[in-house]
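Colleague:
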Amino acid sequence: MKAMTAGEVTKKVIHNEELFILDVRNETDFNDWKIEGKNFAYLNVPYFDLLDGVESILDKIPSDKELLVVCAKEGSSVMVAEMLEDAGRDASYLAGGMKSWSEHLEPVKVGDLKDGGEMYQFVRIGKGCLSYMVISNGEAAIVDATRMTDVFTDFAAEKNAEIKHVFDTHLHADHISGGRKIAEKTGASYWLPPKDAEEVTFEYSRLEDGNEVMVGSAKISIQAIYSPGHTIGSTSFVVDDQYLLSGDILFIDSIGRPDLAGKAGDWAGDLRGTLYKRYKDLSDELVVMPAHFMIIEELNEDGSVSEKLGTLFAENHGLNIEDEGEFRKLVSENLPPQPNAYQEIRETNMGKISPDEEKQHEMEIGPNRCAVR
Amino acid sequence: MNAAKILDAKGLACPMPIVKTKKAIGEIESGQVLEVHTTDKGAVKDLAAWTESTGHELLKHEDDNGVLKFWIKKG
C-alpha cells in the first residue's frame, strides 16, 4: 500500500488520466465536494460501513484501474486501503486526505512578460482558487494569495525575487487570504480596495482606479481598474498590457455572483456595468486570468486557467444576456448555495477574528462557489 | 441521561472513535445507552450517519468546551 500525494493526483487531473476513487467519507460530504477529474470514476462507501470488511464492495471496484482511497484527513483511507490490500487488491491512499487536496497549490507558468519577466498562476486544484505571481528583474508581486503563504514565499525565493507588492482584488468570502501575512513577513505593501476594506482592523495601501504599480527594473506595469459587482470594491488588473486579472468578476465559463456580502440586488447593476461596459472597452486581445475556476473543463491542457477576452465575449453566456432584467434575475435569483462559513471567512479577512489553523481549514472545506452560470 | 457505559475516545483521530464506538456498543444490551466522548470534529456527521445505517439511535450530542459528547441508544 502506498501514499499518493495531492501533487500526484493533480498531475493525473491535468493529464486526463484514469483513476478509480473509493471515497470513504460520509455521503453528505462526498456529495458536497470531491476530487474532480475528466476520467475519474467514483464509488462512495463510508468507512464506518466497512469496519467488518471490504468483501461487499470488491465486485464494485474494477481491477484494471488504478485505485485511490480518499477520506477527510487520511486515517480512514489508510485503514480501508490496508483491508483492500489484504483482499488482494493494489490500493493507494491520498496522503493527508481532502485536507491536503484542498490546500495543494500547483504553480503553472502562464506567460512571458516584456523584457524577460514571467507570469505564474497558482492553481488550487481542490478548491478552484487561482493566485498569481508577476516576477520581473528580481522583484515579485502577488495577487489573491491563499493562506498557504509558504508556497508563495518559497517560490519567490527560488526565483531570487523579492516580494514588493501583494494585492487582493476584493475581500474574499470563500477562502482566507494570505495577502496580509505575506506582506507582514516580507515587508511588502498590502493593497486592498478601500470600499471592501471599510471594516478591516489593520493598515493597508489603498488600491484605487488608475493606480499603476511597477515591478522590477523592467517596469512591468500593473494597472488597477475599478470593476464592482462581486463586491462593491472589486478591482481588476491589467498586467503588462497583456493579461486581465479579473478577480471574481469574470470567469471562463461563468460570471461572479453579487450576493456574498448580502447585496445581490444593489450590486447586480454594478456587475452589469463592469462586464458590459468597462470590460467591453478593453482590448479583445487581453488574456483573462480569473481568481477561480468552477469545473474541471475550464482547465487548459497545461492545467492553467485563462482565455482571451474576445473569446469570452463570444462564448461566455454571462456576457451575452441582452435583456437587463434577465441578467438581474440570473445573478440574484436561484443562486447556488453560499461558500462554507463565508461570513466567518470575510471576518477573518477583515482581521476581526483570528481562528487557528485547524479551524481555518474547516472553514474552507468545500468548493469556492463564487460564480453564477 | 443514564449511560450504561462511557467511552473515552478523546485525542483519537478518525477512524478510531467509530471503531471503538462499534466495539463498545457490542458490549452493552439493546436499549441501553452508550456515552461517547471525542475531540474529532468529523465525528459529528460520521456518528450520526453510522447510527442511522446500523439501526442504533443517536439521542443527542453536545459540545462541552471542545469535547464532543454523544449518547447512543443501542438498537
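Keeping their order, the protein sequence lines are chains A and B. Here the working numbering = 1-based position in the first sequence + 1. Here the working numbering = 1-based position in the second sequence + 3. A virtual CB, placed ideally from N, CA and C, is assigned to each residue, including glycine. Quantities reported herein were computed from a predicted structural model and do not represent experimental measurements.
#1: Cβ of B/PRO18 less than 7 Å from any chain A Cβ?
#2: Three-state secondary structure (DSSP) at A/MET134?
#3: Taking the alpha carbon of B/CYS17 as the reference point, which residue from A/ALA4, A/ASN27, A/LEU23, A/GLU18 has its own alpha carbon closest?
#4: What's the gap between the Cα of A/PHE314 and the Cα of B/VAL47?
#5: Pull out every residue of the region 274-295 of chain A whose Cβ sits closer than 7 Å to any Cβ of chain B, in chain order.
#6: I want to verify the contact list: residues of chain B whose CB lies under 8 Å from the CB of A/ALA73, in sequence order.
#7: So what does DSSP say about A/PRO229, is it helix, strand or coil?
#8: Can you tell me where the beta strand (DSSP E) with B/ASP66 in it begins and where it stops?
#9: For A/GLY44, which residues does DSSP report across the bridge?
#10: Comparing C-alpha positions only, which one of A/GLY304, A/PRO338, A/LYS186 sits nearest to A/ASN17?
#11: Whole angstroms are fine: how far does the CA of B/LEU15 sit from the CA of A/ILE136?
#12: Please confirm whether B/ALA27 has its beta-carbon closer than 7 Å to some beta-carbon of chain A.
#13: So which residues on chain A does B/LYS48 lean against when the C-beta distance must stay under 8 Å?
#14: Does the distance from the C-beta atom of A/ALA189 to that of A/LYS165 stay below 7 Å?
#15: Quick check on this structure: which residue in A/GLU204, A/ALA4, A/PRO338 has the alpha carbon closest to the alpha carbon of A/ALA174?
#16: What is the C-beta distance between A/LEU336 and A/ARG258, in whole angstroms, given that I count them as a contact (C-beta under 8 Å)?
#17: Do the CB positions of A/MET5 and A/LEU95 come within less than 7 Å of each other?
#18: Check the Cβ of A/TYR48 against every Cβ in chain B and list those closer than 7 Å, keeping chain order.
#19: Measure from the alpha carbon of A/HIS362 to the alpha carbon of each residue in A/HIS105, A/LYS196, A/VAL167, then state which is nearest.
#20: Quick check for students: name the residue ranges of the alpha helix (DSSP H) that lie wholly in the region 272-344 of chain A, counting only runs of 4 or more.
#21: Helix or strand or just coil, what does DSSP make of A/THR202?
#22: Are any of the Cβ atoms in chain B nearer than 7 Å to that of A/LEU208?
#23: A/GLU104 lies in the alpha helix (DSSP H); which residues open and close that run?
#24: Just mark A/ASP30 as buried or exposed, buried being the case when its beta carbon has 16 or more other beta carbons within 10 Å.
#25: Would you say B/ILE21 faces chain A, with C-beta separation under 7 Å as the test?
#26: Please return the same chain residues whose Cβ sits closer than 8 Å to the Cβ of A/LEU276, not counting the five positions on each side in sequence.
Modeller: According to the structure data:
#1: Within the second sequence, the letter at position 15 stands for residue 18 of chain B. For B/PRO18, the answer is yes, since a Cβ of chain A falls inside 7 Å of its Cβ.
#2: The residue labelled residue 134 of chain A in the question sits at position 133 within the first sequence. A/MET134: strand per DSSP, three-state reduction.
#3: Here residue 17 of chain B refers to the residue found at position 14 of the second sequence. Among A/ALA4, A/ASN27, A/LEU23, A/GLU18, the Cα nearest to that of B/CYS17 belongs to A/ASN27.
#4: Along the first sequence, read from residue 1 onward, the residue named residue 314 of chain A stands at position 313. Along the second sequence, read from residue 1 onward, the residue named residue 47 of chain B stands at position 44. Each residue's alpha carbon lies about 46 Å from the other.
#5: Answer in chain order: no residues at all.
#6: On the first sequence, residue 73 of chain A is found 72 positions in, with the first residue counted as 1. Here the neighbours are CYS17, GLY45.
#7: Residue 229 of chain A sits at position 228 when you count from the first residue of the first sequence. Coil at A/PRO229, not helix or strand.
#8: The residue given as residue 66 of chain B occupies position 63 in the second sequence. Segment 60-67, the beta strand (DSSP E) holding B/ASP66.
#9: Stepping through the first sequence from its first residue, residue 44 of chain A is reached at position 43. Before going on, a small fix: residue 44 of chain A reads as Leu here, not Gly. Paired residues: A/LEU23.
#10: On the first sequence, residue 17 of chain A is found 16 positions in, with the first residue counted as 1. Minimum Cα distance to A/ASN17 is reached at A/GLY304.
#11: Here residue 136 of chain A refers to the residue found at position 135 when the first sequence is read from its first residue. Here residue 15 of chain B refers to the residue found at position 12 when the second sequence is read from its first residue. Taking the straight line from one Cα to the other gives about 45 Å.
#12: Start at 1 with the first residue of the second sequence, and residue 27 of chain B comes out as number 24. Not one chain A Cβ lies under 7 Å of B/ALA27.
#13: To locate residue 48 of chain B, count along the second sequence from 1; it is residue 45. Ordered by position in chain A, the residues that pass the 8 Å Cβ test against B/LYS48 are ASN27, THR29, ASP30.
#14: Here residue 189 of chain A corresponds to residue number 188 of the first sequence, with the count starting at 1. Here residue 165 of chain A corresponds to residue number 164 of the first sequence, with the count starting at 1. Contact flag set, yes.
#15: Locating residue 174 of chain A in the first sequence gives position 173, where the first residue counts as 1. That would be A/PRO338, whose Cα lies nearest to the Cα of A/ALA174.
#16: Numbered from 1 along the first sequence, position 335 holds the residue referred to as residue 336 of chain A. Numbered from 1 along the first sequence, position 257 holds the residue referred to as residue 258 of chain A. Right, the Cβ-Cβ distance comes to about 6 Å (below 8 Å), so this counts as a contact.
#17: If you number the first sequence from 1, residue 5 of chain A lands on position 4. If you number the first sequence from 1, residue 95 of chain A lands on position 94. Inclusion of A/MET5 and A/LEU95 in the CB contact set at 7 Å is warranted, their separation being smaller than that value.
#18: As a working note, residue 48 of chain A is residue 47 in the first sequence. Residues of chain B passing the Cβ test: PRO18.
#19: What you label residue 362 of chain A is simply residue 361 of the first sequence in a count that begins at 1. When only C-alpha atoms are compared, the closest one is A/HIS105.
#20: Complete alpha helix (DSSP H) runs here, min 4: 310-316, 325-333.
#21: Numbered from 1 along the first sequence, position 201 holds the residue referred to as residue 202 of chain A. Residue state, collapsed to three classes: coil.
#22: In the first sequence, the residue the question calls residue 208 of chain A occupies position 207. Chain B contact via Cβ: absent.
#23: Within the first sequence, residue 104 of chain A is the residue found at index 103, counting from 1. Its alpha helix (DSSP H) spans residues 98-104.
#24: Position 29 of the first sequence, counted from the first residue, corresponds to residue 30 of chain A. Buried is the call here.
#25: By 1-based counting over the second sequence, the position of residue 21 of chain B is 18. At least one chain A Cβ lies under 7 Å of B/ILE21.
#26: Counting from 1 along the first sequence, the entry for residue 276 of chain A is found at position 275. Cβ within range, chain order: GLY230, ILE250, LEU251, ILE256, GLY319, LEU320.
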